[in-house]
Amino acid sequence: MANVANTGAAAKPRAETRKANLPRSIALVLLLLLGLPLAVWLDLRALSGNILEEQAFQTGKIIDDMRGFYASDVVARVQAAKQQVKPVHNYTEVDGAIPIPATLSIELGQRISARNAAVQYRFVSDFPFKGREQHPLDGFETAALAGLRQNPKQQIVQVYGEIFDRSVRMVSPVIMGQACVTCHNSHPDSPKKDWKVGDVRGIQEITIQQPLAANIFAFKYSLIYFALAAISGIAFIRMQRRQSATISEMNNDLTVANEYLATVSMKIARYLPPQIYKQIFSGQRDATIQTERKKLTIFFSDIQDFTGTTERLQPEELTELLNEYLTEMSRIALFHGGTIDKFIGDAMLVFFGDPETKGVEEDARSCLLMAVDMQRRLRELNAQWRRRGIENPFRARMGINTGYCNVGNFGSADRMDYTIIGAEANLAARLQSIADPNGIVLAYETYTIVRDLVRAKPLAPIQMKGISRPVVPYSVEGLLGELAQRTRVISEHETGVDLFVDLDVIDRETAARTIRTLQEALDALDAKRAAQT
């Protein structure tokens, strides 16, 4: 029991620690759940600010490039011109000339692309003027140009790059207007002379590069949150593992304790009536000194001349026989619902009516049927024991009485016994003492209850200490009606005589042979008696 106590004492602080950690775990989970939207909001605010700043910076650079190009290649040339200003594609070779729109786009794109790594702008055509450098078209540009000539209103976008360096290429068509058609169809350097209004001459391509690595730290609050979440998760997993190990250890301890308690309880159960054992372990009955007065049916049995039997048998053989006898009698008592009070050497005290009862009448009937079954079983045992060489086995006397007794736990706070006390219990013991071997004697109170089941004859009244009235005992001769057919066993053993007949199992042929054998035995006995006279 010390092991069980230590297990319970060790489990208590572990349970308290686990109980204390539960609110902390809940608070941590709630904090993490509330922290996620806050971290995302802070990061989105920072990211949007960074994007706006970058867009403003890039837009400012593009405007600066456009202003510088316009100032140097348009305004400055107009101011320096000494003749009429006209737009041409090779404006750098003509004094006072300014670039046409296509040239303006090409030159401006080169200037923007040269100064800006994040934003690239190009004016691309597969029909450049003579003397102008041919721009090689890649697969995307070739497909985009062909697609826009089929449907100029569509939008063509390509996203490409690595996981931390993404780029977007957006293409829009360059549509020929009337002025452009007139110029291109009449200009000597134009490679194509049949342009029409609405034709797609080329494409404007804008490429925007946005390396994600540059903005990775814009998510610093989310990164901090996920780092804290990861740390908390690892801590939580470790705590769960510790708790799991603790729970597993506790389960192992509880399993050992349960196995120990089960073993102990099974051992204790052998010292208690099964009804009391079940009620104690189910919590229906407390192990306290408490008694009550009830009307019970008490059964007392004793083996005739047990002292003489002990002298004839070896101690080991006697012990084996007695244990076998008490085992069989106990099995029958439990089958009929009796409470086995105690064994007093070879004697048995059994009562009906506590802790479970079917009513006074049914309790008395069950007790009578139990006694009849015990006598029948004892006759069977005697036949078996004689075959094993036991010359004079047991013959039991039984007494049954019905009356009021004090029943419950008697004793001290340290040691108690569940039993009955009263003159009615003593009367049951007295009744068995006047019974014949293999006989059953009933008190008058019991006989009046079971008289419709049994055939009995009255005996001479007896006086009992503690009972003022004379007690009329009744000796059971047999059962009535169908009950009489239930236990049809004939057993007799005397010097030179060993007879056992079980009418329930004997068949017709065996019965015929038995009748012939018995008739021969009767004839032989008659002849011997005649010779002796």
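All residue numbers for the sequence shown refer to the numbering used here, where the first residue is 1372 and numbers rise by one.
Note that beta-carbon positions come from the ideal geometry of N, C-alpha and C, so glycine has one too.
Keep in mind that this is a model prediction, so the values were computed, not measured.
Based on DSSP bridge pairs, tell me the residues matched to residue 1812. Answer by DSSP bridge pairing, in chain order: 1770, 1846.
Helix, strand or coil at residue 1510 [DSSP, three-state]: Here residue 1510 sits in helix by DSSP.
Quick one: residues in its chain with C-beta nearer than 8 Å to the C-beta of residue 1828, no 5 flanking neighbours on either side, listed in chain order? Closer than 8 Å at Cβ, skipping near neighbours: 1845, 1846, 1848.
Quick test of the definition: if touching needs 3 or more C-beta pairs under 8 Å, does the stretch 1676-1683 touch the stretch 1733-1753? No: the two stretches stay apart, fewer than three of their Cβ pairs being nearer than 8 Å.
Buried or exposed: residue 1742, going by 16 or more other Cβ atoms within 10 Å of its Cβ? The Cβ neighbour count for residue 1742, taken over all protein chains shown within 10 Å, is at least 16; the residue is labelled buried.
What residues in its chain sit with their C-beta under 6 Å from that of residue 1843, if we drop five residues either side in the sequence? Here residue 1843 has 1815, 1829, 1832 as same chain residues with Cβ atoms under 6 Å from its own Cβ, once five neighbours each way along the sequence are excluded.
Using 9 Å as the threshold, is the C-beta distance between residue 1784 and residue 1660 below it? For residue 1784 and residue 1660, yes; Cβs fall inside 9 Å.
Restricting to runs no shorter than 4 residues, where is the alpha helix (DSSP H) found entirely within the stretch 1572-1644? Fully enclosed alpha helix (DSSP H) runs of 4 or longer: 1583-1586, 1591-1640.
Is it right to say residue 1633 is buried, meaning 16 or more other beta carbons lie within 10 angstroms of its own, or is it exposed? With fewer than 16 Cβ atoms within 10 Å of its Cβ, residue 1633 is classed as exposed.
Under a Cβ-count criterion, where at least 16 other Cβ atoms within 10 Å of its own Cβ denotes burial, should residue 1746 be classed as buried or exposed? Residue 1746 is buried by the Cβ-count criterion.
Per DSSP, cross-strand counterpart(s) of residue 1563: DSSP, once it has assigned bridges, lists no residue as partnering residue 1563.
Confirm, please, whether the CB-CB distance from residue 1495 to residue 1569 is below 9 Å. In this structure, residue 1569 keeps its C-beta atom at 9 Å or more from the C-beta atom of residue 1495.
CA-CA distance, residue 1797 and residue 1812? So the two alpha carbons sit approximately 14 Å from each other.
Do residue 1669 and residue 1773 count as a contact pair if the criterion is CB distance below 9 Å? Cβ distance < 9 Å, so residue 1773 and residue 1669 count as in contact.
Does residue 1822 come out as helix, strand or coil in the three-state DSSP assignment? In the three-state reduction of the DSSP assignment, residue 1822 falls in the coil class.
What is the DSSP secondary structure of residue 1538, counted as helix, strand or coil? Residue 1538 sits in a strand when the DSSP states are folded into three classes.
Which whole-angstrom value describes the C-beta separation of residue 1777 and residue 1664, a residue pair presumed to lie in contact below a C-beta threshold of 8 Å? Sure, about 6 Å apart at Cβ, within 8 Å.
Leaving aside the five residues before and after residue 1720 along the sequence, list all residues of the same chain whose C-beta is less than 7 Å from its C-beta, in chain order. Once the five neighbours on either side are set aside, the close Cβ partners of residue 1720 are 1671, 1712, 1713.
Using C-beta distances below 8 Å, list every residue in its chain close to residue 1431, excluding the 5 sequence neighbours before and after it, in chain order. In this predicted model, residue 1431 has a pLDDT of only 49, less than 50, meaning its place in the structure is not dependable; the value taken from the coordinates is given anyway. Non-local C-beta neighbours of residue 1431 in its own chain, meaning closer than 8 Å and more than five positions away in sequence, are absent.
So, residue 1765 versus residue 1680, is the Cβ gap smaller than 9 Å? Cβ distance < 9 Å, so residue 1765 and residue 1680 count as in contact.
Which term fits residue 1803, buried or exposed, when burial requires 16 or more other beta carbons within 10 angstroms of its beta carbon? Residue 1803 sits buried, since 16 or more C-beta atoms from the chains shown fall within 10 Å of its C-beta.
From residue 1538 to residue 1528, what does the alpha carbon distance come to, in whole angstroms? Between residue 1538 and residue 1528, the C-alpha separation is close to 10 Å.
Would you mind stating whether residue 1851 and residue 1740 have Cβ atoms separated by less than 9 Å? Result no, Cβ atoms of residue 1851 and residue 1740 do not sit closer than 9 Å.
In terms of residues, what are the limits of the alpha helix (DSSP H) holding residue 1704? Taken as a continuous stretch (DSSP letters only), the alpha helix (DSSP H) holding residue 1704 covers 1686-1706.
Helix, strand or coil, according to DSSP, for residue 1899 in the structure here? Here residue 1899 sits in helix by DSSP.
Continuous beta strand (DSSP E) stretch holding residue 1786: start and end: Element bounds for residue 1786: n/a, residue is neither H nor E.
Straight-line Cα distance separating residue 1763 from residue 1903: Each residue's CA atom was taken as its position, placing residue 1903 and residue 1763 some 27 Å apart.
So which of 1771, 1788, 1898, 1806 has the shortest CA-CA distance to residue 1820? Put simply, of 1771, 1788, 1898, 1806 the residue whose alpha carbon is nearest the alpha carbon of residue 1820 is 1771.
Quick one: using the 10 Å Cβ neighbour count with 16 as the cut-off for buried, is residue 1480 buried or exposed? Its Cβ being crowded by 16 or more others within 10 Å, residue 1480 is buried.
So, are the CB atoms of residue 1699 and residue 1752 less than 9 Å apart? The beta carbons of residue 1699 and residue 1752 sit closer together than 9 Å.
Quick check on the burial criterion: 16 or more other C-beta atoms within 10 angstroms. Buried or exposed for residue 1706? Classification of residue 1706: exposed, given that the 10 Å Cβ count is below 16.
Spatial distance of residue 1912 from residue 1892 (CA atoms): With the chain running from 1372 to 1904 in the structure shown, residue 1912 is simply not present.
Quick check: residue 1471 and residue 1456, are their CB atoms within less than 9 Å of each other? In this structure, residue 1471 sits away from residue 1456, with a CB-CB distance that is not shorter than 9 Å.
Quick one: what's got a C-beta closer than 7 Å to residue 1564's C-beta in the same chain, skipping five residues either side? Excluding residues within five positions, the ones whose Cβ falls inside 7 Å are 1556.
Skipping 5 residues on each side, what residues in its chain have a beta carbon closer than 6 Å to that of residue 1427? At residue 1427, the pLDDT of 49 sits below 50, so the modelled position is not reliable and the matter cannot be decided from this model.
From what residue to what residue does the alpha helix (DSSP H) around residue 1678 run? For residue 1678, the enclosing alpha helix (DSSP H) starts and ends at 1677-1683.
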